[in-house]
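Those letters in the sequence shown? Residues 1 to 641, by full-length UniProt numbering.
Quick notes on the structure that follows.
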Amino acid sequence: MGRKLDPTRKEKRGPGRKARKQRGAEVELARFLPPEPETGKKKLSSHGRKRAAKRRLGAGSRPLGGGQEPVGQTTPGQPAVSAGNFKQLALGKTKQILSKRNKVEFSSDGEVEEESWEMEEDGSSEEMVDDYGASSSEEEELLPIEQAALKQKSESEEDSEEEEEEEEEEVGEEANRQKTGQKEEQSLDLQLNLDVDEQFKLPTNEQMEREDILSISEPPDLQLIHQRIKGNVEVLQDFVLRREEGRTRQEYLALLRRDTAAYYSYSDFLLTKLMDIFPLPELINFLEANEVPRPVTIRTNTLKTRRRDLAQALINRGVNLDPLGKWSKTGLVIYDSSVPIGATPEYLAGHYMLQGASSLLPVMALAPQENERILDMCCAPGGKTSYIAQLMKNTGMILANDSNSERLRSVVGNLHRLGVTNTVISNCDGRHFPKVLGGFDRVLLDAPCSGTGIISKDPSVKTNKDEKDILHCAHLQKELLLSAIDSVNAASETGGYIVYCTCSIMVEENEWVVDYALKKRNVRLVPTGLDFGKEGFTRFKERRFHPSLKSTQRVYPHTHNMDGFFIAKFKKFSNAIPQAQKDEEAAVEAAVPSPVLATVTEPQPKKKKLEGSTADKEQKQPQPALKKRHSLKAQRRPLRA
1 MGRKLDPTRK EKRGPGRKAR KQRGAEVELA RFLPPEPETG KKKLSSHGRK
51 RAAKRRLGAG SRPLGGGQEP VGQTTPGQPA VSAGNFKQLA LGKTKQILSK
101 RNKVEFSSDG EVEEESWEME EDGSSEEMVD DYGASSSEEE ELLPIEQAAL
151 KQKSESEEDS EEEEEEEEEE VGEEANRQKT GQKEEQSLDL QLNLDVDEQF
201 KLPTNEQMER EDILSISEPP DLQLIHQRIK GNVEVLQDFV LRREEGRTRQ
251 EYLALLRRDT AAYYSYSDFL LTKLMDIFPL PELINFLEAN EVPRPVTIRT
301 NTLKTRRRDL AQALINRGVN LDPLGKWSKT GLVIYDSSVP IGATPEYLAG
351 HYMLQGASSL LPVMALAPQE NERILDMCCA PGGKTSYIAQ LMKNTGMILA
401 NDSNSERLRS VVGNLHRLGV TNTVISNCDG RHFPKVLGGF DRVLLDAPCS
451 GTGIISKDPS VKTNKDEKDI LHCAHLQKEL LLSAIDSVNA ASETGGYIVY
501 CTCSIMVEEN EWVVDYALKK RNVRLVPTGL DFGKEGFTRF KERRFHPSLK
551 STQRVYPHTH NMDGFFIAKF KKFSNAIPQA QKDEEAAVEA AVPSPVLATV
601 TEPQPKKKKL EGSTADKEQK QPQPALKKRH SLKAQRRPLR A
């Protein structure tokens with residue numbers, strides 16, 4: 001059955017064996033507590049008492065001169081130690097051991113409790129004597145040599161404590177000195193940097209020529225060029241105070257253009273254009289952002305799956321991803337992947353499309369509705385077309401057109417893979433599209449451009465673009481935009497919208513084209529509905545654009561971590577095409593001063609070239625053929641009647 005516990009009989013337990021042995025706290029506290037006043041002499045250890053007893057025994061057994069008997073040195077309360085009473089001391093020791101053994105008791109938990117042992121002989125209590133007859137009392141007198149040793153030991157301990165305190169103080173002083181030295185060095189470094197910045201000077205012509213000669217045989221010193229760019233930008237930001245005497249701002253700008261072209265590998269033409277668009281600090285940020293690739297993004301195909309299910313499936317395959325942002329309900333950002341993103345079973349099944357984040361914005365601005373007729377004038381490779389079909393839930397009709405038949409193959413493959421069923425593909429020149437088909441509710445025009453917003457994807461744009469390419473793209477974009485506006489039905493109940501977008505940041509391809517369309521057609525600009533992006537330019541250098549261009553959006557790689565993009569949204573309010581009268585144009589030219597006139601009208605070289613080409617064609621046509629054609633028409637009229 002076992003023993004029953006009686007709660008009334010509880011034995012008190014003292015501290016355990018381990019608790020009695022732990023003395024660390026007392027030693028640590030002794031450092032911080034004030035020293036106690038010395039009331040008596042220090043206690044001797046067991047070894048010290050043994051040594052003292054040995055000395056006394058040696059002194060007692062030493063023979064004395066003159067035949068005297070050895071007499072041991074005695075202390076008060078202790079019997080003298082001699083050859084006669086040594087046996088008695090030994091017997092006393094055995095009795096002491098026996099009394100100790102009898103006094104040992106065991107506690108209730110099995111631990112030994114040590115009590116104060118007392119020597120009881122014949123009913124009288126005496127002081128406890130150690131093995132060699134030495135007394136263990138605290139008031140024991142020590143030999144002079146032992147007292148001197150103890151005094152020396154205490155003095156040495158005090159000296160060691162003082163030395164430790166001094167060392168700690170010295171260490172603290174050294175740490176403070178190091179901190180102050182570091183602060184002084186930092187301040188000196190800052191001062192030196194300021195001095196370097198203040199002492200930035202333009203290199204002389206001889207130094208520039210020497211650098212040009214060395215660059216032919218050796219690569220340029222990029223670190224030196226980068227430091228010079230930094231100092232030059234700081235001087236240009238505070239040009240009045242930091243400029244060098246006798247130097248103009250144009251000289252600093254020319255050096256900056258030269259250094260940035262060498263450091264970032266841009267053509268002089270493109271850098272000049274970029275310096276006109278961006279302020280200097282923002283220009284450096286834009287150039288740095290073009291050296292870093294944009295993050296990989298995918299768009300979920302909601303015709304087949306949901307974003308949550310797709311994200312879980314890709315995570316299970318070892319893909320590290322996150323939602324693209326609050327502004328997109330379908331985008332995902334891919335940070336890292338152990339499998340190729342373009343070859344997963346989910347990709348082959350059409351659950352997602354590899355698409356840049358900035359290319360989602362034009363479709364969001366278009367905001368297609370179900371059961372509408374929509375035209376994607378430049379559709380390849382089909383990312384925006386499939387996104388439109390996804391938002392329309394495969395209802396209505398989408399006409400995907402592209403002038404390049406080779407690129408249409410990718411459009412067909414992507415649409416089949418993604419499960420799009422409401423799209424018709426055509427291969428036609430977009431400039432002549434209104435003659436083929438019209439009456440659309442909405443039109444998306446992602447016009448071909450110079451690609452200055454996607455330099456991180458195509459670094460060849462840095463050097464292979466010039467002014468002719470920019471003007472050629474601008475002319476083509478104007479024709480395509482007018483054709484897109486003519487393809488829209490202004491009387492549509494739900495639509496009548498045109499979205500124009502490019503992956504360029506050039507003003508000639510964006511604001512200039514939009515301002516041209518506002519003058520040539522009955523359209524107006526409306527907000528795009530996007531929450532982020534910078535406003536378009538209403539004035540650029542000597543040009544002045546329509547104030548409504550503030551509603552257009554610009555996206556930059558250094559501010560939004562996306563490819564550079566421009567987006568404008570039009571609303572068509574009349575299907576009629578306004579006819580410009582030559583008299584009115586002449587009156588405007590006479591009323592407007594020449595600088596503003598250059599901003600309003602088209603570039604004269606381009607016009608002259610076009611007029612010259614058409615005039616040449618008219619001159620080349622033979623006149624007899626015209627007469628013959630008119631005569632044929634005259635002969636056919638009576639037959640029709």
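Virtual Cβ for every residue (Gly too), placed ideally from N, Cα, C.
Just so you know, these numbers come straight off a predicted model, no measurement behind them.
Buried/exposed call for residue i, threshold 16 Cβ in 10 Å
i	result
Glu165	exposed
Gln355	buried
residue 713	Beyond the ends of the chain as shown, which are 1 and 641, falls residue 713; an answer cannot be given.
Leu256	buried
Glu346	buried
Gly430	buried
His432	exposed
Thr300	buried
His226	exposed
Asp309	exposed
Phe537	buried
His416	exposed
Ile315	exposed
Thr8	exposed
Arg228	buried
Pro578	exposed
Those residues which DSSP pairs with residue i across a bridge
i	result
Phe565	Val555
Val319	Ser337
Arg539	Arg544
Arg353	The question names Arg, but residue 353 in the sequence shown is Met. DSSP output for Met353 lists Arg299 as bridge partner(s).
Val499	Leu444, Lys569
Val523	Lys572
Leu391	None, per the DSSP bridge assignment.
Gly331	Arg299
Lys534	Arg554
Alpha-carbon to alpha-carbon, residue j and residue i
i	j	result
Asp515	Phe540	12 angstroms
Glu467	Thr452	13 angstroms
Lys435	Leu366	23 angstroms
Asp336	Arg243	47 angstroms
Thr305	Pro340	20 angstroms
Pro557	Leu437	37 angstroms
Lys520	Ser405	31 angstroms
Lys50	Ile145	15 angstroms
Ala576	Gly439	13 angstroms
Pro219	Leu280	26 angstroms
Where residue i sits in the DSSP three-state scheme
i	result
Arg442	strand
Ser426	strand
Ala289	helix
Thr8	coil
Met397	strand
Phe573	coil
Val240	helix
Ser483	helix
Thr528	coil
Asn205	helix
Leu44	coil
Gly375	Reading off the sequence, residue 375 comes out as Leu, not Gly. In the structure shown, Leu375 sits in a strand (DSSP, three-state: E or B).
Tyr266	coil
Val339	coil
Gly451	coil
Val488	strand
Ile284	helix
Cys473	helix
Ile505	coil
Gly413	helix
Val233	helix
residue 677	A query on residue 677 cannot be resolved here, the shown segment of the chain reaching from 1 to 641 and no further.
Lys50	helix
Glu465	The question names Glu, but residue 465 is Lys in the sequence shown. Lys465: coil per DSSP, three-state reduction.
Chain B contact for residue i (CB, 8 angstroms cutoff)
i	result
Ser328	Annotation note: the requested chain B is absent from the structure, which comprises a single protein chain.
beta-carbon residue i near the ligand GDP non-hydrogen atom, thresh 7 angstroms
i	result
Ala289	Among the components of this structure there are no ligands whatsoever, and the ligand GDP is therefore not found.
For this session: Decide yes or no for the touch test of the segment 482-495 against the segment 363-376: beta carbon pairs closer than 8 angstroms, at least 3 of them.
Result: As far as the Cβ criterion goes, the segment 482-495 touches the segment 363-376, which means the pair count is three or higher.
Exercise. On the three-pair Cβ rule with 8 angstroms, is the segment 388-396 touching the segment 317-326?
Worked result: Segments in contact, no.
Exercise. Do the segment 543-552 and the segment 510-525 touch if we need at least three Cβ pairs shorter than 8 angstroms?
Worked result: They touch, by the three-pair rule.
For this session: Evaluate the contact criterion for the segment 446-462 versus the segment 256-271: three or more CB pairs, one atom per stretch, below 8 angstroms.
Result: Yes, the segment 446-462 touches the segment 256-271.
Exercise. Is the segment 524-531 in contact with the segment 471-487, if contact means three or more CB pairs nearer than 8 angstroms?
Worked result: No, the segment 524-531 is not in contact with the segment 471-487.
For this session: Could you tell me whether the segment 270-290 touches the segment 312-320, where touching means 3 or more Cβ pairs closer than 8 angstroms?
Result: As far as the Cβ criterion goes, the segment 270-290 does not touch the segment 312-320, which means the pair count is below three.
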